[in-house]
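Step one of this worksheet: look at the structure below.
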Amino acid sequence: MSVVTESRLTYVDKQGRQHRFELSPGSPRVTIGRAPTSDVAFTGDNEVSRLHAVVEWIGTHWTILDDGLSRNGTFLNGERIAGRRRLREGDSIRIGSIRLTFQEIGAGPDEATRVASELPTVRSLTQTQRGILVALCRPYKHGAAFATPASNQDIASELFLSVDAVKTHLRALFAKFGVEDLPQNQKRVRLAELALHSGVITERDL
Numbered sequence: 001m002s003v004v005t006e007s008r009l010t011y012v013d014k015q016g017r018q019h020r021f022e023l024s025p026g027s028p029r030v031t032i033g034r035a036p037t038s039d040v041a042f043t044g045d046n047e048v049s050r051l052h053a054v055v056e057w058i059g060t061h062w063t064i065l066d067d068g069l070s071r072n073g074t075f076l077n078g079e080r081i082a083g084r085r086r087l088r089e090g091d092s093i094r095i096g097s098i099r100l101t102f103q104e105i106g107a108g109p110d111e112a113t114r115v116a117s118e119l120p121t122v123r124s125l126t127q128t129q130r131g132i133l134v135a136l137c138r139p140y141k142h143g144a145a146f147a148t149p150a151s152n153q154d155i156a157s158e159l160f161l162s163v164d165a166v167k168t169h170l171r172a173l174f175a176k177f178g179v180e181d182l183p184q185n186q187k188r189v190r191l192a193e194l195a196l197h198s199g200v201i202t203e204r205d206l
């Protein structure tokens, strides 16, 4: 049974007014910036870039992304971020002079455990599927921060499979890990993240 969680961003503007922006997986990409067309717009703050950061739903959780988008940076709990970071209940986000709070209503302390328990285990994967996951995650060896998953061609070459066979196995893995509905360019990254974070693939495997 899944837990219903409501997520939102809250902040107080310079006039002391409280604002709340509801987040929904149905609208998975929320832009924050100075441009009036931003979903969360701070038009009067010159410290905020036109497109400053993006809050994005990735399969099972919300993330914040500032991949060089902003001039003055995005700070999560006081630390300037580079790239994508997962958002958790109570996180503080500073953009320009504005401080936003990420809230998850209904997220219990065992939420991460619940999500992990729904992921496949090593035993539930075929030997070939596990081999493909290992090859997919190999660029992440030694905790490489800016690694990207291996390409289909790289995986095929390592495992002596055809590219079409790799694609077929990956489609099955996308379904097993619940990422089949993500945009195509996000599926592989999210699959690699889940495989590593769940312990299905370990550093030793790589």
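For the record, in the sequence shown the residue sitting at position 52 is 52 according to our numbering, with numbers rising by one throughout. C-beta atoms are modelled at their ideal positions from N, C-alpha and C, and glycine is treated no differently. Predicted model only: the values in this text are computed from it and were never measured.
Requested in this report: Leaving aside the five residues before and after His169 along the sequence, list all residues of the same chain whose C-beta is less than 7 Å from its C-beta, in chain order.
Outcome: By 1-based counting over the sequence shown, the position of residue 169 is 169. Closer than 7 Å at the Cβ level, and outside the excluded window around His169, lie Thr128, Gln129, Ile132.
Requested in this report: Within the same chain, show all residues whose beta-carbon is closer than 7 Å to that of Phe21, passing over the 5 residues directly before and after it, in chain order.
Outcome: For this step, residue 21 is matched to residue 21 along the sequence shown. If we look at Phe21 and ignore the five residues flanking it on each side, its Cβ neighbours are Arg8, Leu9, Val40.
Requested in this report: For Ser183, count neighbouring Cβ atoms within 10 angstroms of its own Cβ and tell me buried if that reaches 16, exposed if not.
Outcome: Here the question's residue 183 lines up with position 183 in the sequence shown. Strictly speaking, residue 183 in this sequence is Pro, with Ser absent from that position. So Pro183 counts as exposed.
Query - Buried or exposed by the 16-neighbour rule on C-beta atoms within 10 Å, applied to Pro149 - result: Locating residue 149 in the sequence shown gives position 149, where the first residue counts as 1. Pro149 comes out buried.
Query raised in the report: Quick one: what does DSSP say Asp45 is sitting in, helix, strand or coil?
Result: Here residue 45 is taken as the residue at index 45 of the sequence shown, counted from 1. In the structure shown, Asp45 sits in coil (DSSP, three-state: anything other than H, G, I, E or B).
Report task. Could you check what DSSP says for Glu22 in three-state terms: helix, strand or coil? Result -> Position 22 of the sequence shown, counted from the start, is the residue given in the question as residue 22. Strand at Glu22.
Query raised in the report: Helix or strand or just coil, what does DSSP make of Glu203?
Result: The residue labelled residue 203 in the question sits at position 203 within the sequence shown. Three-state result, Glu203: helix.
Query raised in the report: If you drop the 5 nearest sequence neighbours on each side, which residues of the same chain put their C-beta closer than 6 Å to that of Glu125?
Result: Within the sequence shown, numbered from 1, the residue matching residue 125 stands at position 125. One detail in the question is off: residue 125 reads as Leu in this sequence, not Glu. Taken in chain order, the list of residues that qualify is empty.
Query raised in the report: Since Ala53 is in the alpha helix (DSSP H), which residue starts that stretch and which ends it?
Result: Taking the first residue of the sequence shown as position 1, residue 53 is located at position 53. Careful: Ala53 lies outside any alpha helix (DSSP H), inside the beta strand (DSSP E) at 53-58.
Query raised in the report: Going by DSSP, which residues form a beta bridge with Arg84?
Result: The residue labelled residue 84 in the question sits at position 84 within the sequence shown. Paired residue(s): Leu65.
Query raised in the report: At which residues does the alpha helix (DSSP H) containing Leu170 begin and terminate?
Result: Here the question's residue 170 lines up with position 170 in the sequence shown. That run of the alpha helix (DSSP H) goes 163-176.
Report task. Quick one: grab the DSSP three-state call for Thr31. Result -> Residue 31 sits at position 31 when you count from the first residue of the sequence shown. Note: Thr31 maps to strand in three-state DSSP.
Report task. Please classify Val134: does DSSP put it in a helix, a strand, or coil? Result -> Your numbering for residue 134 matches position 134 in the sequence shown. It is helical.
Requested in this report: Have a look at Ser49, Gly59, Arg34 and flag the residue whose alpha-carbon is nearest the alpha-carbon of Ser27.
Outcome: Along the sequence shown, one-based indexing puts residue 27 at 27. It is Gly59.
**Report entry** Where the beta strand (DSSP E) through Arg188 begins and ends
**Finding:** Within the sequence shown, numbered from 1, the residue matching residue 188 stands at position 188. Here Arg188 belongs to no beta strand (DSSP E); instead the alpha helix (DSSP H) covers 184-197.
Requested in this report: Could you tell me whether the stretch 70-89 touches the stretch 197-206, where touching means 3 or more Cβ pairs closer than 8 Å?
Outcome: no
Requested in this report: Using a threshold of 8 Å, state whether the C-beta atoms of Gly83 and Leu65 are closer than that.
Outcome: Looking up residue 83 in the sequence shown gives position 83. Looking up residue 65 in the sequence shown gives position 65. Closer than 8 Å, so yes.
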